[in-house]
Every structure is written in structure tokens, then in C-alpha cells.
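Here is the structure we will look at.
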Amino acid sequence: MYFPSWLSQLYRGLSRPIRRTTQPIWGSLYRSLLQSSQRRIPEFSSFVVRTNTCGELRSSHLGQEVTLCGWIQYRRQNTFLVLRDFDGLVQVIIPQDESAASVKKILCDAPVESVVQVSGTVISRPAGQENPKMPTGEIEIKVKTAELLNACKKLPFEIKDFVKAEAGESLEPGRQRLQ
Numbered sequence: 015m016y017f018p019s020w021l022s023q024l025y026r027g028l029s030r031p032i033r034r035t036t037q038p039i040w041g042s043l044y045r046s047l048l049q050s051s052q053r054r055i056p057e058f059s060s061f062v063v064r065t066n067t068c069g070e071l072r073s074s075h076l077g078q079e080v081t082l083c084g085w086i087q088y089r090r091q092n093t094f095l096v097l098r099d100f101d102g103l104v105q106v107i108i109p110q111d112e113s114a115a116s117v118k119k120i121l122c123d124a125p126v127e128s129v130v131q132v133s134g135t136v137i138s139r140p141a142g143q144e145n146p147k148m149p150t151g152e153i154e155i156k157v158k159t160a161e162l163l164n165a166c167k168k169l170p171f172e173i174k175d176f177v178k179a180e181a182g183e184s185l186e187p188g189r190q191r192l193q
């Protein structure tokens, strides 16, 4: 028996409905599809809180109020934070004034790779501090509000692209101990 003929026989055998079992299933499936198509679907999800993604912001967005959600990529001197989402990276300025102490506490105490939501204004980076390697290197976000959405446990290692060791270098101390 050839495979195509065997397959067609199998298909014919499966396509013969047994009335008692398949009829209620098809009927309920049809009713649920009909009811779901009659419901009005909102144009956007009520759970969407971000106005932009991290990677889409450019100098054309200067002065706009934005809300971003993403992972904390890394933090520098408790002054700057790099926020990452599926679309890219953006630099965030952690406020240093006393009126924003709660925002500073949230952003400085959150471990790397925690998920945060920040709202603020898109501003241009100071002259000479632009980063041509980043698509968002001309702008940064001056944070007004921040919320910790999900805290990450403290990682036992540092995640940075420029802190990668060669495989031989990382095994060298172990080899010396074993000798």
C-alpha cells in the first residue's frame, strides 16, 4: 500500500462523524465562535501602560511625556540607568533632588534585570555626551515617576557585553588549583 492511498483511507475514516459524540462538540464550538464574534473588541488593551518602546525614541520626540516599561540593563553611579525592552535601549536619568526621593529609592534599590515602569520627559543629552553607537544615543528620559513591576533576585554575576571573558581565561585559575 502506497503512502498517499493509506493517507486518504485514514482521512476518510476520520472524516466519518459519529453523531452522538461529534454533534454536541461542533454545536457548542459554533455557538462559542458566534458569541465571540459578536462581542466588541476594544482597539487597545486596557493593560497597556506604555506610550512608547525604548528603542523607538529619537530626537523627534524631544519634550514629549512618555511612559516606558522594561528591564534594568545596568545602572551607573546611581545617576543613570539603561532601560531595555524588546525594541532597544534608552538611558534614563535618576532624579537626585529631595522631592523625588521615592523615585530614586525605587530605581536605585531595584536589582539589575528587574522590570520597572518609568514616566518622564524626553530630553536631549548634553553636548559631547551623545552615544553614536546607540540609536537612542541623542536623547535620555528625565524621570518623574517610577514603579517597580517585578523585582529580580540579585544575580551572582554581572550581565554586560563588555565584561565577557575568553573561555581559556576563565578556566585558568581552576587549572592552577588542580595542579
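Quick note: to get our numbering, add 14 to the position in the sequence shown (first position is 1).
Cβ coordinates follow ideal geometry from the N, Cα and C atoms, glycine included.
- Message: Using only the alpha-carbon positions, how far apart do glutamine 110 and glutamate 154 sit?
- Response: 15 Å
- Thinking valine 104 and leucine 71 are a contact (beta carbons under 8 Å), I'd like their distance in whole angstroms, please. At roughly 6 Å, the Cβ-Cβ gap stays under 8 Å, so valine 104 and leucine 71 are in contact.
- Contact the region 84–93 vs the region 141–150: 3+ CB pairs below 8 Å: No: fewer than three Cβ pairs fall under 8 Å.
- Backbone CA spacing between serine 128 and alanine 160 [nearest angstrom]: Between serine 128 and alanine 160, the C-alpha separation is close to 12 Å.
- Write down every uninterrupted run of the beta strand (DSSP E) in the region 117–164 whose length is 3 residues or greater and which is fully enclosed by it, in chain order. DSSP runs (the beta strand (DSSP E)) wholly in the region 117–164: 129–138, 153–164.
- Item | Endpoints, the beta strand (DSSP E) within which valine 106 is located | 102–107
- Message: So the candidates are Asn66, Pro140, Phe94; which of them puts its Cα closest to the Cα of valine 126?
- Response: Phe94
- Item | Short Cβ contact (8 Å threshold) for threonine 81 with serine 133 | yes
- Item | alanine 124 classed as buried or exposed, judged by whether at least 16 other C-beta atoms fall within 10 angstroms | buried
- Task: Determine the extent of the beta strand (DSSP E) in which leucine 95 is found, giving its start and end residues.
- Result: Membership of leucine 95 in the beta strand (DSSP E) is indicated by the continuous run 94–99.
- Message: Taking the beta strand (DSSP E) that glycine 84 belongs to, which residues open and close that run?
- Response: 79–90
- Query: Looking only at C-alpha atoms, which of Gly142, Gly69, Val130, Val96 sits nearest to isoleucine 173?
  - Reply: It is Val96.
- Whole-Å CB distance - valine 63 paired with isoleucine 108, under 8 Å assumed: Cβ-Cβ separation between valine 63 and isoleucine 108: approximately 20 Å, too far for a contact (criterion under 8 Å).
- Excluding the five sequence neighbours on either side, which residues of its own chain have a C-beta within less than 6 Å of the C-beta of threonine 67, listed in chain order? Only Asp99, Asp101 meet the Cβ criterion.
- Best match in Ser138, Lys119, Cys122, Asn145 for proximity to serine 74 [C-alpha to C-alpha]: Ser138
- Task: Check whether the Cβ atoms of valine 117 and leucine 162 sit closer than 8 Å, and answer yes or no.
- Result: no
- Nearest neighbour of leucine 76, chosen from Val136, Pro146, Asn92 [CA to CA]: Here the closest residue by C-alpha is Val136.
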